[in-house]
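So the sequence shown is numbered by my numbering: it starts at 8 and just counts up by one.
Backbone N, C-alpha and C define an ideal beta-carbon position, used for all residues, glycine too.
Working notes, structure below.
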Amino acid sequence: MNPQIDNGITNELNKMNLDNERTTDDCESTKELTSHGSNVCTIIKGAHCIVRSFEEFNPLINTFLSLGNEIITLYEKAEHNKKLCSILLKRVNCAYAAVKDLNIRKTENTQFFFKNENLKIFEDFIKCIREIKNFIEDISHLNKLRRFFYTGGINDTFQKLTKEFDGYMNSLNFSFIVESRDEFATMKDDVNQIKDILICVYGVSDDRQSQQNFLTGMDRVVGKNKNFQKQQDKNLNPSEFKDLEENEPLLDGSQYKRTNICPSKKIEKRTLIKDSTDVSFKEFSIKTSPSETNNEQTQGKTQIEIRRQINILKELKNSDHIIRFFGVAQENSKFYLVTEWMDHGNLYEYYTKFGENMNWETKIRFALDICRGVAYLHECEILHHDIQSTNILVSQYHKVRIANFGLSKKFSDATRSISHNLENIRYMAPEKLLYDKNNKDNKTKKVDYDTRCEIYSVGALLWEIAELKKPHSDLDKSEILNKVRKRMRENYYEPLSKDVPFEWKNMVSTAMEYERDWRIKISLICRKLYKLKEKYSGTSRPHSGSISSENEVPTPSEDYKENLSAINNQIATTVSSSITINILATVDDAIREHKSNNGNKLVAWNSFKYHSITNVEARYWVGYYYFYHGDDIHELQPISEKERIKYAIEIFKETADKGNSSAQLRYGMHLWKKENNYIEGFKYLEMSANSKDATAMFIVGKAYWNGINGIKQDKTLGAEYLKKAAFAAHPKAKELCNEYRIL
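This is the structure in structure tokens:
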């Protein structure tokens, strides 16, 4: 019996001054019971029935709550169909809260537990929740979407699950409110975006067979990788070793003709004799531990480990943005990793040699191909762990591909030309770089490496492609670790040159966010780069430092709608009641935070940025921060002041047209002072004044009183506005009222 339940019942009995054992004995032995004694016996029997009912429900409740937590985690990690997952999550959160409340207030909900039919309904409800969990897991990962993609199965399954869920909620009398009016449109929109993702993010052709093959190949890689991760530390049994020999045999090194091209001591170019295919031979670096005295035995284990991984990595051929793996070759006593040969070496070597010829079209193409490769690896649940320019290779035809990665640390240690070194510090996320296990005073907690860490490295690489130099190249190598750490602690970000497109700057700043939960998703980076590629196709020079012409600056609303989907994990969290709530400040709280003398501008900014999608007031404040606080918010720092102001004015106009009085004031003043467009500017100022903005009332009143800049003089109207401004405590309005003797 649950101690908490037992104590609760005992306390209730104690309040009635009853002795459990004695009363029970009396009930069983006494034939003539008083009315009071009969009631006592009934209470006790009822109490024990409640306990038995609780005990039957307890494991089911625990299972239900556990599934609810798993669904929350799946939603937070979802890469695709996020809106559809959100619809299901809202329902699950309602049920989660109801069950949690039921569990907390057991003794107040005895009738629920007494009903025998509720137990069966609750068991079936758990099956429904488990199906919802599996459905979310399937539709949020590309590799599992293939089973729904062309069959219309998403719609059918979604309708079935929501109908079942709503039925169980009603049967159990759990109250919930779900706005289902736009669910079908949301679902259709999410599903339609998948094809766009395949084309824009992964570069798959727009035909059914290509897309089916792509998804099938991705699913195969994920399946093999998961199986490998479960068994990577186990030795192969005879049957498994036989399968490895058949499926991934050692290549004969003597069948590859040597050349005189050797980029390093352990890498050389060779040619397959039978068909003249150029390949790269990279000798393994075998590291032995003190306990391993037999180097030959260690070599054997290492080559088997790498062959097991190569058998999986070969499947990555579906992505044209990842190096091709051919196998493991043996020659004499040495083992080599065999991959495709890339004539132009790594990206750093390439731009060092050809940088002058790399225009923005080339940079965008390189960046898109790299990010597509990273996106594919992430969908296959593979982390690179070392994204930097030396691990991006360039082919004879100027095509970039990601290289130097595996499925385990052992693979990386054995096959990379260099081990963990100072170079990757330039690209390392702050949560990894600032952690120092030897420093007891260091408050940075150790975190696992994940996709968010990798996104930071991608941002640093995008910075490098834009500038054609390595990040922090101004620092001496001997001091780079301490100096980069210092910069991170000070929230210093290396600026980008003026000719870098605004959209590129935005990608870099959002990818290199200090707080990893705020970093942009790799899929969104790909989509932004795809749009840039479309805009920039066929040109050779940027227009006035940006790929957008003067009339093609992307609207703020479009940019923020895209960025909203990149925000994950920070939107919601589970509190003690297990109801998902917003962890960002409300707009009103953010305004108070902004206006406070010691207010946290970053907290306010993050709230405004998030709420700006649906809230006009928040939208206005986003423009305000672009205009006045570009130097205070690090993600705005890479953007030039001119671009920030231009962006802010766009937002001021947008929100002014939607009725925001502060925006009307600022946009009106911009037209009045900066563009000398007095008539149009006055129109917006008068809108703001009519919304009782004190400053606007003062300006409009003064303009009417004096009849300036084309505004027809009207002292009556001017006096009215000035009096209202004075009553609103505008100091200059009071002075003018005294000066003009306005009563």
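Using the three-state DSSP reduction, which class does Ile749 fall into: helix, strand or coil?
Note: Ile749 maps to coil in three-state DSSP.
Looking at the unbroken beta strand (DSSP E) that takes in Ile274, where does it start and where does it end?
Segment 274 to 279, the beta strand (DSSP E) holding Ile274.
What is the DSSP secondary structure of Gly714, counted as helix, strand or coil?
In this structure, Gly714 counts as coil in the three-state DSSP scheme.
State buried or exposed for Cys378, treating a residue as buried only when at least 16 other CB atoms are found within 10 Å of its CB.
So Cys378 ends up on the buried side.
Spell out a yes or no on whether the region 483 to 494 and the region 519 to 528 are touching, meaning 3 or more CB-CB pairs, one atom from each, closer than 8 Å.
Verdict: no, contact absent.
Suppose you measure from the CA of His391 to the CA of Phe615; what does that come to, to the nearest Å?
Straight-line Cα distance between these residues: approximately 34 Å.
Of the residues Ile319, Cys269, Arg314, which one's Cα is nearest the Cα of Met349?
Checking every option, the nearest Cα to that of Met349 belongs to Cys269.
Just list the alpha helix (DSSP H) runs in the region 584 to 672, keeping only unbroken ones of 4 residues or longer that don't cross its boundaries, in chain order.
Counting whole runs of 4 or more residues, the region 584 to 672 contains the alpha helix (DSSP H) stretches 594 to 602, 608 to 618, 623 to 635, 648 to 664.
State the beta-bridge partners of Leu258 as determined by DSSP.
In the DSSP output, where bridge partners are listed per residue, Leu258 has Ala336.
In terms of DSSP beta bridges, what is Ser271 paired with?
Its beta-bridge partners are Ile274.
Just list the residues that DSSP pairs Arg408 with in beta bridges.
Paired residue(s): Leu400.
My output table needs one value for Phe288: the three-state DSSP class, helix, strand or coil.
Of the three classes helix, strand and coil, the one that applies to Phe288 here is strand, per DSSP.
Just the Cα atoms here: how many angstroms apart are Thr397 and Val381?
Rounded to the nearest angstrom, the two C-alpha atoms are 15 Å apart.
How many angstroms separate the CA atom of Asn14 from the CA atom of Tyr521?
Low per-residue confidence applies at Asn14: pLDDT is 46, beneath 50, and the placement is therefore not dependable, though the value from the model is reported in the following sentence. The straight-line gap from Cα to Cα measures roughly 49 Å.
Below 8 Å, can you find three or more Cβ-Cβ pairs linking the region 508 to 524 to the region 456 to 474?
As far as the Cβ criterion goes, the region 508 to 524 touches the region 456 to 474, which means the pair count is three or higher.
Determine, using beta carbons only, whether Ile394 and Tyr442 come nearer to each other than 8 Å.
No; because the gap between Cβ atoms is not below 8 Å, this pair is not in contact.
Report the start-end ranges of each beta strand (DSSP E) in the region 353 to 402 that is 3 residues or longer and not cut off at the edges.
Runs found: 399 to 401.
May I ask you to report which of helix, strand or coil DSSP gives Lys528?
The answer is coil: DSSP assigns Lys528 none of H, G, I, E or B.
At 4 residues or longer, what runs of the alpha helix (DSSP H) sit wholly inside the region 436 to 487?
As far as the region 436 to 487 is concerned, its whole alpha helix (DSSP H) runs of at least 4 residues are 437 to 440, 458 to 474.
Measuring straight from C-alpha to C-alpha, what distance separates Tyr499 and Met176?
C-alpha separation (whole angstroms): 52 Å.
Going along the chain, which residues of its own chain have a beta-carbon closer than 6 Å to the beta-carbon of Gly466, five neighbours each way excluded?
Counting only Cβ-Cβ distances below 6 Å, and skipping sequence neighbours, we find Val515, Ala518, Met519.
Which class does Ile78 belong to by DSSP, given the choice of helix, strand or coil?
Helix.
Within a Cβ cutoff of 6 Å, which residues of the same chain sit near Ser551, ignoring the five residues on either side of it in sequence?
Note that Ser551 has pLDDT 34, beneath the 50 cutoff, so the model's placement of it is unreliable and the number below is only indicative. Excluding sequence neighbours, Ser551 sits near nothing in its chain.
To which residues does DSSP link Leu344 through a beta bridge?
According to DSSP, which records beta bridges pairwise, Leu344 is partnered with Lys289, Val335.
Which residues share a DSSP beta bridge with Lys264?
Bridge partners of Lys264: Thr278.
Which whole-angstrom value describes the C-beta separation of Glu338 and Gly210, a residue pair presumed to lie in contact below a C-beta threshold of 8 Å?
That belief does not hold up - the Cβ atoms of Glu338 and Gly210 are roughly 36 Å apart, past 8 Å.
With burial defined as no fewer than 16 other Cβ atoms inside 10 Å of the residue's Cβ, what is the status of Asp700: buried or exposed?
Asp700 should be labelled buried.
Once the 5 residues before and after Lys264 are set aside, which same chain residues still bring their CB inside 7 Å of it?
Closer than 7 Å at Cβ, skipping near neighbours: Arg277, Thr278, Ile280.
Which residues in the same chain have their Cβ closer than 7 Å to the Cβ of Ala696, if we skip the five residues on either side of it in sequence?
Once the five neighbours on either side are set aside, the close Cβ partners of Ala696 are Ala703, Met704, Val707, Tyr728.
Could you name the residues that DSSP lists as bridge partners for Ile329?
Beta-bridge pairing links Ile329 to Ile409.
Below 8 Å, how does it come out for the region 72 to 81 and the region 96 to 104: are there three or more Cβ pairs, yes or no?
The region 72 to 81 vs the region 96 to 104: in contact.
Return yes when at least one heavy atom of the ligand COA lies under 7 Å from the C-beta of Pro502, else no.
Absence of the ligand COA from the depicted structure is noted, as is the absence of any ligand whatsoever, leaving it without description.
If you draw a straight line from the alpha carbon of Thr662 to that of Ala625, how long is it in whole angstroms?
Spanning the two alpha carbons is a distance of roughly 10 Å.
Contact check, Leu243 vs Ile311 under 8 Å by CB: the rounded distance?
Between Ile311 and Leu243 the Cβ distance is about 7 Å, and since that is below 8 Å, they are a contact.
Terminal residues of the continuous alpha helix (DSSP H) containing Ile143?
Run containing Ile143: 123 to 146, per the alpha helix (DSSP H) assignment.
Starting from the C-beta of Trp612, find all residues in its chain whose C-beta is less than 7 Å away, skip the five residues before and the five after it, and write them out in chain order.
Around Trp612: Tyr632, Ile640.
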